[in-house]
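Chains as they are written, first to last, in our numbering: chain A, 302 to 565; chain B, 131 to 380. Glycine residues also receive a C-beta, built at the ideal position from the N, C-alpha and C atoms. It should be emphasised that the depicted structure is a prediction, and the values quoted were computed from it without experimental measurement. As structure tokens, the structure follows; a few thoughts come after it.
Right, dumping it as structure tokens:
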């Protein structure tokens, strides 16, 4: 059963140096506050997993928390590049960053395999691309029934998955809605999980299209209103587009970034 | 005559390629602008699908990102990311993929991964693949919307992120890029060689300009066409859309 604890205590307990950590939320419900707490607690040597490492991973990478990134699209959506990510890849600042690069379809299927208790997933993907030559976790596989050659990618089973949701009840059951991304698969594929929520309610009202994660598949829940800012929580907040634009000059400059980090 | 910019001509030309009722997998940026313009002009029944899992999105303003809340609010259905790729894209249900590119070559291969140097030590690190490789492989056909310049239009891409028009033997279900719409004109793959050929110029653009903006010896079709200029209506709707980008529905 998921215990309701503070964000500080949840991160202190669940995220350890050297862990493989997935913070998911596909442009919506991005667990920024949890990412910031990982930075404050100075976790190191993390393997960060995320389909769309946007600002939250730019911040974690710039703060020196990561040694490796497993991803499929690393940019500032609608604005441009992630400059801390680029600096780490090109100039190893503040520490070198190893990359394991996939496509969205591949990453999504890797989480599905992880959530399904399977060692790998099969898809029609990557054929003819140069990703095949750079990423060891992309292999051809022959269908035993038709002989067709398809692509296999290994399961993702992070040590910890962290997602943000709109609501939890007092027993730690969680409900999220709107763009639901790959959060269900991330939580079910991980050994431990943390869900930060906008609101703790007495009773979860059923909603069409919502994802419900029962308390018994979640390790900890933390009440963190606004925990997705500058992304948004459908029904609670709107995306702070201005912040995404303001991040560009901060991320671009090591000194400006260091000042941001000191104020975190 | 209406005054308009080269970018506006590009968006209008791209939007006109979408037939009413088509199902379109939309990339963010220039492709999204063109697809939303089409839905507001000649193709009101165009089905817009974004990789965030929003099927049949009818945004009242131009979304700033593929996860803009307006896409979920106005969609016929919102599905998970694994589902959008596995159930909807992979089987070949989608008519047209609308993609952008950082770099594009003679055969319409797309690079959005790294430029210069090698993969481990590139000159420029770009965001990466996202949904593009499988969109390019599995949609029935692909339209690329990209500004034409010698930097972007290269003989050979530094990294093949998404496969272009040369795809024999790869087992893809889709035909791949059928046209590349730029700010100067339209390029289409030659039916025999798959090499991109200039098939149309936008009004006022010369063949010389198109050649100068291309990093290979650009072939030009014998029956080179001229794109009809944007209509007053198209421009009005496009400018209204651009003014609402990422903002409140108007």
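Same chain, Cβ closer than 7 Å to residue i, neighbours up to 5 away in sequence not counted
| i | result |
| --- | --- |
| residue 357 of chain A | 324, 331, 333 and 336 |
| residue 502 of chain A | 468 and 470 |
| residue 335 of chain B | 314 and 315 |
| residue 364 of chain A | 340 and 562 |
| residue 312 of chain B | 140, 276, 277 and 278 |
| residue 209 of chain B | 183 and 185 |
| residue 362 of chain B | 132 |
8 Å contact criterion, which residue i and residue j should meet: CB distance rounded
| i | j | result |
| --- | --- | --- |
| residue 157 of chain B | residue 234 of chain B | Incorrect: roughly 13 Å between the Cβ atoms, too far for contact. |
| residue 465 of chain A | residue 528 of chain A | 5 Å |
| residue 534 of chain A | residue 486 of chain A | Rounded, the Cβ-Cβ distance is 20 Å, inconsistent with contact. |
| residue 510 of chain A | residue 478 of chain A | 6 Å |
| residue 321 of chain A | residue 350 of chain A | 6 Å |
| residue 371 of chain B | residue 167 of chain B | 6 Å |
| residue 409 of chain A | residue 215 of chain B | 5 Å |
| residue 461 of chain A | residue 306 of chain A | About 14 Å separates the two Cβ atoms, so there is no contact after all. |
| residue 153 of chain B | residue 206 of chain B | Actually they are not in contact, since the Cβ atoms of residue 153 of chain B and residue 206 of chain B sit about 11 Å apart, beyond 8 Å. |
Residue i vs residue j beta-carbon contact at 8 Å
| i | j | result |
| --- | --- | --- |
| residue 258 of chain B | residue 374 of chain A | yes |
| residue 211 of chain B | residue 183 of chain B | yes |
| residue 406 of chain A | residue 264 of chain B | yes |
| residue 271 of chain B | residue 308 of chain B | yes |
| residue 451 of chain A | residue 439 of chain A | no |
| residue 518 of chain A | residue 488 of chain A | yes |
| residue 266 of chain B | residue 240 of chain B | yes |
| residue 531 of chain A | residue 500 of chain A | no |
| residue 219 of chain B | residue 292 of chain B | no |
| residue 431 of chain A | residue 290 of chain B | yes |
| residue 472 of chain A | residue 302 of chain A | yes |
| residue 345 of chain A | residue 388 of chain A | no |
Chain B residues whose Cβ lies nearer than 8 Å to that of residue i
| i | result |
| --- | --- |
| residue 378 of chain A | 158, 194, 195, 196 and 197 |
| residue 530 of chain A | The contacting residues do not exist; residue 530 of chain A stays about 14 Å from chain B at best. |
| residue 329 of chain A | 182, 197, 199 and 202 |
| residue 435 of chain A | 249 |
Chain B within 8 Å of residue i, Cβ atoms only
| i | result |
| --- | --- |
| residue 432 of chain A | yes |
| residue 542 of chain A | yes |
| residue 480 of chain A | yes |
| residue 510 of chain A | yes |
| residue 513 of chain A | no |
| residue 410 of chain A | yes |
| residue 387 of chain A | yes |
| residue 358 of chain A | no |
| residue 396 of chain A | no |
| residue 391 of chain A | yes |
Interface residues of chain B facing residue i [CB-CB closer than 7 Å]
| i | result |
| --- | --- |
| residue 465 of chain A | Ordered by position in chain B, no residue passes the 7 Å Cβ test against residue 465 of chain A, which lies about 13 Å from the chain. |
| residue 369 of chain A | Correct list: empty, because the minimum Cβ distance to chain B is about 14 Å. |
| residue 306 of chain A | Neighbours of residue 306 of chain A on chain B: none; closest Cβ ~28 Å, over 7 Å. |
8 Å CB neighbourhood of residue i in its chain, flanking five on each side removed
| i | result |
| --- | --- |
| residue 436 of chain A | 401, 402 and 403 |
| residue 378 of chain A | 328, 353, 355 and 545 |
| residue 380 of chain B | Low per-residue confidence applies at residue 380 of chain B: pLDDT is 36, beneath 50, and the placement is therefore not dependable enough to give any value. |
| residue 449 of chain A | 443 |
Chain A contact for residue i (CB, 8 Å cutoff)
| i | result |
| --- | --- |
| residue 220 of chain B | yes |
| residue 369 of chain B | no |
| residue 334 of chain B | no |
| residue 141 of chain B | no |
| residue 135 of chain B | no |
| residue 268 of chain B | yes |
| residue 300 of chain B | yes |
| residue 379 of chain B | A caution first: residue 379 of chain B carries a pLDDT of 43, below 50, which makes its placement in the model unreliable, though a value can still be read off. False, the Cβ-Cβ gap to chain A never drops below 8 Å. |
6 Å Cβ shell around residue i - same chain, five flanking residues per side excluded
| i | result |
| --- | --- |
| residue 162 of chain B | 156 |
| residue 357 of chain B | 143, 330 and 332 |
| residue 384 of chain A | 552 and 553 |
| residue 427 of chain A | 433, 439 and 452 |
| residue 175 of chain B | 150 and 151 |
| residue 340 of chain B | 314, 315 and 328 |
| residue 169 of chain B | 176 |
Residue i beta carbon near the ligand NAP (any heavy atom closer than 7 Å)
| i | result |
| --- | --- |
| residue 214 of chain B | Absence of the ligand NAP is noted for the structure shown, with no ligands found whatsoever. |
Listed by chain order, chain B residues near residue i by CB distance under 9 Å
| i | result |
| --- | --- |
| residue 537 of chain A | Per Cβ cutoff of 9 Å: no residues; residue 537 of chain A is ~11 Å from chain B at best. |
| residue 424 of chain A | 215, 216, 220 and 264 |
| residue 518 of chain A | In chain order: nothing, as chain B lies at least about 16 Å away. |
| residue 413 of chain A | 212 and 216 |
Interface residues of chain A facing residue i [CB-CB closer than 9 Å]
| i | result |
| --- | --- |
| residue 208 of chain B | 478, 479, 480, 481 and 510 |
| residue 260 of chain B | 352, 353, 373, 374, 376, 404 and 405 |
Neighbouring residues, chain A, relative to residue i (Cβ below 8 Å)
| i | result |
| --- | --- |
| residue 291 of chain B | 430, 431 and 432 |
| residue 230 of chain B | Going along chain A, no residue has its Cβ under 8 Å from residue 230 of chain B, so there is no contact; the nearest lies around 12 Å. |
| residue 257 of chain B | 374, 375, 376, 382 and 383 |
| residue 297 of chain B | 429 |
Amino acids of chain D, ordered along the chain, whose beta-carbon sits closer than 9 Å to that of residue i
| i | result |
| --- | --- |
| residue 486 of chain A | Absence of chain D from the displayed structure is noted, the protein chains being A and B. |
Contact list for residue i against chain A, beta-carbon separation under 7 Å
| i | result |
| --- | --- |
| residue 345 of chain B | By Cβ distance, chain A contributes nothing, its closest Cβ being about 19 Å from residue 345 of chain B, past 7 Å. |
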